[in-house]
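Numbering (the UniProt record's numbering), first residue to last: 1 to 105. Glycine is no exception: its CB is placed at the ideal position from the N, C-alpha and C atoms. No experiment lies behind these values; they were computed from the predicted model shown.
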């Protein structure tokens, strides 16, 4: 099965331009979301299941990040050599409860 990379290369060739790929963990991906929401990085919290793409990407932009123990999460993520989440939660509902608990702080 052909993945997105093959299509991208074909479009680059056909158009004579080089594509700019913007996605996690690209800082521009997170900055774009912050601009769209109208908030500063220190006001935002990323909730994700990928220690590098979600948590690490958000933290590099000045955001805090919670990792949920679902989806891509692996127990070894809590001991990642380079990225440490600001907190770990078992599911999205727990993340929301935690954020609401600390919303005024």
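What do you get for residue i, buried or exposed, if any count of 16 or more other CB atoms within 10 angstroms of its CB means buried?
{"i": "residue 6", "result": "exposed"}
{"i": "residue 77", "result": "buried"}
{"i": "residue 59", "result": "buried"}
Relative to the alpha-carbon of residue i, which residue among the options has its alpha-carbon at the smallest distance?
{"i": "residue 82", "options": "53, 91 and 10", "result": "53"}
{"i": "residue 34", "options": "63, 55 and 13", "result": "63"}
Hey, quick one: how far does the beta strand (DSSP E) through residue i stretch, first residue to last?
{"i": "residue 46", "result": "45-48"}
{"i": "residue 64", "result": "64-68"}
{"i": "residue 6", "result": "Careful: residue 6 lies outside any beta strand (DSSP E), inside the alpha helix (DSSP H) at 4-15."}
Spell out the partners DSSP gives residue i in its beta bridges.
{"i": "residue 96", "result": "Looking at the DSSP assignment, residue 96 forms no beta bridge with any residue, so it has no partner."}
Would residue i and residue j qualify as a contact pair, given that the criterion is a beta-carbon distance under 7 Å?
{"i": "residue 134", "j": "residue 66", "result": "No information on residue 134 is available, as it lies outside the stretch 1 to 105 that the chain covers here."}
Quick check on the DSSP output: the alpha helix (DSSP H) that includes residue i runs from which residue to which?
{"i": "residue 57", "result": "57-60"}
{"i": "residue 36", "result": "27-37"}
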